[in-house]
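Some notes on the structure that comes next.
There are 2 protein chains.
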Amino acid sequence: MQRILSSQLPAHPHETVTIAGWIRRRRLLKSVAFLIVRDAEGLSQVVVAEPETREQLEHLTEESVVEVIATVTPNEQAPGGVELTRPKIRVLSAVRSPLPFELHRPALAAALPTQLDHAALALRHPARRSALRIAATVTAGFRAALTEQRFVEIQTPKIVASATESGANVFRLDYFGRPAYLAQSPQFYKQLMVGVFERVFEVGPVFRAEPSDTARHLAQYTSLDAEMGFIADHRDVMATLTRTLAVMTEPLFEKPIVPAEIPAVHFTEALRIAGAPHDEPDLAPAHERAVGEWARREHGSEFVYVTGYPMRKRPFYTHPDPADPTYSNGFDLLFRGLEIVTGGQRLHTYEDYVEALTRAGEPLEPYGGYLDGFRYGMPPHGGWAIGLERFVARLTETPNVREVTAFPRDLHRITP
Amino acid sequence: MQRILSSQLPAHPHETVTIAGWIRRRRLLKSVAFLIVRDAEGLSQVVVAEPETREQLEHLTEESVVEVIATVTPNEQAPGGVELTRPKIRVLSAVRSPLPFELHRPALAAALPTQLDHAALALRHPARRSALRIAATVTAGFRAALTEQRFVEIQTPKIVASATESGANVFRLDYFGRPAYLAQSPQFYKQLMVGVFERVFEVGPVFRAEPSDTARHLAQYTSLDAEMGFIADHRDVMATLTRTLAVMTEPLFEKPIVPAEIPAVHFTEALRIAGAPHDEPDLAPAHERAVGEWARREHGSEFVYVTGYPMRKRPFYTHPDPADPTYSNGFDLLFRGLEIVTGGQRLHTYEDYVEALTRAGEPLEPYGGYLDGFRYGMPPHGGWAIGLERFVARLTETPNVREVTAFPRDLHRITP
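As they're listed, the protein sequences go chains V and P.
Quick note on numbering: the working numbering labels position 309 of the first sequence as 309, and the sequence is numbered without any gaps.
Quick note on numbering: the working numbering labels position 223 of the second sequence as 1223, and the sequence is numbered without any gaps.
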């Protein structure tokens, strides 16, 4: 008999059906026993009145996998208005060890390290599953929005020859006897691919040998990258990003959370709003929170762009603001007071790259394959990178990014 | 004035428009000059009769990026039935170096290593762009087909603590002072996630420190992975894979290339078809080609499943064939005579894993986080992995996987 899902039960009253899933809970009362079975779609309640099935149930423990053949019986008190009666239970996989923590409570009670040690089990909790489903939803929305806007998906190398993008915080590996590094971002490659497709995006892992042990840093995270050519400046990039974020978040909320136009403040104005000294080179987390509060108060927006970061704090490929080249055409997007996107306009002429690298005291040779793209003609372009786990943590109001990551990697953790 | 794309020109006869793109070719005739501009959608022909514009054109070289404001003039001989006349040309990015090879010929004439050295340029050739677009199309189809079938997208770690899945061919890296490895596949993680979502998929990079220098091996490639629970055996996996492949390839061909049911032969029968000795443990490339030929001849199919590979050649997590446990419930899918997918049913009880690892002489401790999933209840399950670049190479009849990979990594190559 074909297995059906818990969500399909109400459509089969009085029929004999097969369900399958994990034992979420057993309740062994005196005259009757209840078995709650979890599957991909929800829960089913199984009523056990028969002595031999009850005895079988007494020997089964939570998270064992069972198949149940039973009759669908309407019962207003049961979840979905139906329960399963007169069950035959077949065990597909029996759990014989005690669970390290209980899964059926509203919140996981175990300490976070214990949860992460037993990620295969902890991820089955509804809160953890929900966060990962949200990650899948916004990722699908990212791709759908960009495909719709003529972006082409690319896959780029994660192993690179030189630690060029930023000297520190790279993982070094042995590449057939030669030193190599894990890519910190697809930045260079997505820019080169603008020369091929004009507009590209990539969803993939990036690696940061980040010595910070905080609630928002991971050694591997998922970056949602996009890059687009033939722009006037960074404002074209921001407009595309705003449209993309609207599609990404649309399925999650009844009322749209992305305004048609996200408020934007210049960096110098952001410092003023945050009450920071006017010569600060960057926004500290407390400043970001203050700007986030301001946007909510003044514009009713949970999102706010900060534009025009000082050139000295942005990477060498950043395009300066033509009106005042000490500031850049780079931006950050804050969501609920936290930076979740970095983006901007990039340099696009070969001459500008040579000058920028020379000014930074960098040799040109390690950048050879990258500079090739600009030597052979690149349009004005720009793009952004969204940190998926940070965004999902903020969307779900989860304090630690590790709680919305399937198997996080950090300074101390490399298993499971 | 808003830029329009080459494909939009026929909709604007006699209007003044702005286009932008790369100079594909110039033809400087005596009385008139032609400029062919390439953008994301195709080519535009610009006719230059004005002396000052012609002089400007004489100083511009191929691949320079230009913006052209001109009049759309119907001309039956021109591509798309229109050409651009009375142009004003603005240079967005001038190429001042000679190109290492020409891009406007039907095939790239440079040797493959030269193309790969200048990938940022070579990828602009129509043949290379087309292959990467096909990769994007089949990847999108993979996700669409699986999402439709209740699979949830996951992202899993690419840095792992032990080289457990297969001892050799792993890249070793320095993880905050400890040894670690790049994941050869998401196998263990996708299996664990069956315990969370029942059905999962992942599109991501996998890493093989593959010493083979062949036309079909890469050190990094894109793996299209899926895993599903509550199956009867590997045939449920094959049915889902067949449906998925049909969606993936549907946009590429006028006539569907995936039959409703892909022919399947048992390994022992495949050996007989290939004329190989009956005690061979695996299929050699020549055997795969022979089986591919047989499927085309006998079933009119370019795809053929080979099932029941001997257990001794499959990984420890492979489920044996209950009817004869020297053979497995593992399969390969051959496409045009080449293996492009490996899949099968996996073991699912904790006891079976302990026994399989013990039989293989493996300590249990490095598998701790993996075994956790089975200790705490896992349904019968199975899945597959498609090698994206190999599949695209076969689809486009390209001899070398490096030609369909944006920036390939192999034994000798780590740049650009």
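All C-beta atoms in this analysis are idealised placements derived from N, C-alpha and C, irrespective of residue type, glycine included.
Residues bridged to residue i (per DSSP)
i	result
D39 (chain V)	V:G42
R228 (chain V)	Looking at the sequence provided, one finds Met at residue 228 (chain V) rather than Arg. In DSSP, M228 (chain V) forms a bridge with V:R199, V:G382.
H266 (chain V)	V:T307
E1339 (chain P)	P:L1334
S212 (chain V)	DSSP output for S212 (chain V) lists no bridge partner at all.
P179 (chain V)	V:D174
L395 (chain V)	In DSSP, L395 (chain V) forms no bridge with anything.
T1221 (chain P)	The identity of residue 1221 (chain P) in the sequence shown is Tyr, whereas the question assumes Thr. Paired residue(s): P:V1206.
G80 (chain V)	Partner(s): none; G80 (chain V) has no beta bridge.
G21 (chain V)	V:V66
P1074 (chain P)	P:V1082
Supposed contact pair residue j and residue i - C-beta distance, whole angstroms, cut 8 Å
i	j	result
I1004 (chain P)	H1012 (chain P)	7 Å
F1171 (chain P)	Y1370 (chain P)	About 20 Å; that fails the 8 Å criterion.
K190 (chain V)	G383 (chain V)	6 Å
R1129 (chain P)	A1122 (chain P)	R1129 (chain P) to A1122 (chain P), Cβ: 10 Å. No contact.
V91 (chain V)	L60 (chain V)	7 Å
R390 (chain V)	L357 (chain V)	Not confirmed; about 30 Å, so no contact.
F230 (chain V)	P380 (chain V)	7 Å
L411 (chain V)	F1303 (chain P)	The Cβ separation is near 46 Å, so there is no contact.
Pick from the options that is closest to residue i, judged by C-alpha positions
i	options	result
P366 (chain V)	P:R1346, P:E1397, P:T1415, P:V1404	P:T1415
V1152 (chain P)	P:V1203, P:F1407, P:H1234	P:V1203
A1131 (chain P)	V:A135, V:A120, V:I154	V:I154
L1245 (chain P)	P:I1386, P:V1196, P:F1188, P:V1306	P:I1386
L29 (chain V)	V:V47, V:D39, V:H14	V:V47
R402 (chain V)	P:R1096, P:T1156, P:E1102	P:T1156
H118 (chain V)	P:H1014, P:A1020, P:L1192	P:L1192
P1126 (chain P)	P:P1277, P:Q1149, P:T1114, P:D1039	P:D1039
P259 (chain V)	V:R409, V:Y181, V:H299, V:H278	V:H299
H14 (chain V)	V:G21, V:R86, V:Q2	V:R86
L1252 (chain P)	P:V1392, P:E1055, P:T1318	P:V1392
D1236 (chain P)	P:S1006, P:G1368, P:G1344	P:G1344
L364 (chain V)	V:E62, V:T164, V:E76	V:T164
V37 (chain V)	V:E62, V:Q8, V:V291, V:A183	V:E62
P1051 (chain P)	P:I1089, P:V1017, P:E1076	P:I1089
E1076 (chain P)	P:D1410, P:A1110, P:P1010, P:E1102	P:P1010
V1194 (chain P)	V:R124, V:E250, V:F207, V:P205	V:R124
H234 (chain V)	V:H319, V:A107, V:D279, V:A360	V:H319
F1267 (chain P)	P:E1362, P:T1326, P:A1180, P:T1214	P:T1326
A180 (chain V)	P:H1287, P:V1138, P:L1173, P:P1179	P:L1173
Interface residues of chain V facing residue i [CB-CB closer than 7 Å]
i	result
Y1175 (chain P)	F171, I414
T1139 (chain P)	E153
W1022 (chain P)	G377
A1136 (chain P)	V152, E153
H1348 (chain P)	S93
Interface flag, residue i vs chain B, CB-CB below 8 Å
i	result
L84 (chain V)	Judged by its chain identifiers, the structure shown contains no chain B, and its protein chains are V and P.
Neighbour list for residue i in chain P, Cβ cutoff strictly below 8 Å
i	result
M248 (chain V)	Result: empty, since nearest Cβ-Cβ is about 14 Å, beyond 8 Å.
G204 (chain V)	G1204, P1205
Residues that residue i contacts on chain P, provided the C-beta gap is smaller than 7 Å
i	result
T156 (chain V)	A1406, F1407
R133 (chain V)	V1152
D372 (chain V)	H1118, A1120, L1121, P1416
G42 (chain V)	Ordered by position in chain P, no residue passes the 7 Å Cβ test against G42 (chain V), which lies about 12 Å from the chain.
A180 (chain V)	I1414
Q220 (chain V)	P1157, K1158, I1159
R3 (chain V)	F1230
Interface partners of residue i on chain V, CB under 9 Å
i	result
D1039 (chain P)	E198, F230
M1311 (chain P)	Near M1311 (chain P) there are no residues of chain V at all, since even the closest Cβ is about 21 Å away, more than 9 Å.
M1193 (chain P)	A120, L123, L132, A406
Under 9 Å by beta carbon: chain P residues contacting residue i
i	result
L411 (chain V)	F1176
P380 (chain V)	V1065, L1092, S1093
A209 (chain V)	D1174, Y1175, F1176
G387 (chain V)	Going along chain P, no residue has its Cβ under 9 Å from G387 (chain V), so there is no contact; the nearest lies around 12 Å.
Interface partners of residue i on chain V, CB under 8 Å
i	result
R1129 (chain P)	V196, F197
*Given 8 Å as the limit, is there contact between the stretch 64–72 of chain V and the stretch 82–97 of chain V, that is, 3 or more CB pairs closer than that?*
They touch, by the three-pair rule.
*For the 8 Å Cβ check, are there 3 or more pairs between the stretch 1221–1241 of chain P and the stretch 1322–1340 of chain P?*
A contact exists between the stretch 1221–1241 of chain P and the stretch 1322–1340 of chain P.
*Counting Cβ pairs closer than 8 Å, one from the stretch 1393–1410 of chain P and one from the stretch 33–47 of chain V, do we hit at least three?*
Counting Cβ pairs under 8 Å, fewer than three are found: no touch.
*Counting pairs of beta carbons, one from the stretch 1214–1232 of chain P and one from the stretch 1299–1313 of chain P, are three or more of them closer than 8 Å?*
Here the stretch 1214–1232 of chain P does not lie against the stretch 1299–1313 of chain P, with fewer than 3 beta-carbon pairs under 8 Å apart.
*asked:* So, does the stretch 1340–1355 of chain P touch the stretch 1371–1381 of chain P, judging by three or more C-beta pairs under 8 Å?
replied: Put simply, the stretch 1340–1355 of chain P touches the stretch 1371–1381 of chain P. At least three CB pairs are less than 8 Å apart.
*With contact counted as at least three CB pairs below 8 Å, one residue from each stretch, are the stretch 194–212 of chain V and the stretch 129–148 of chain V in contact?*
Three or more beta-carbon pairs drawn from the stretch 194–212 of chain V and the stretch 129–148 of chain V are found closer than 8 Å, and the two stretches are therefore classed as touching.
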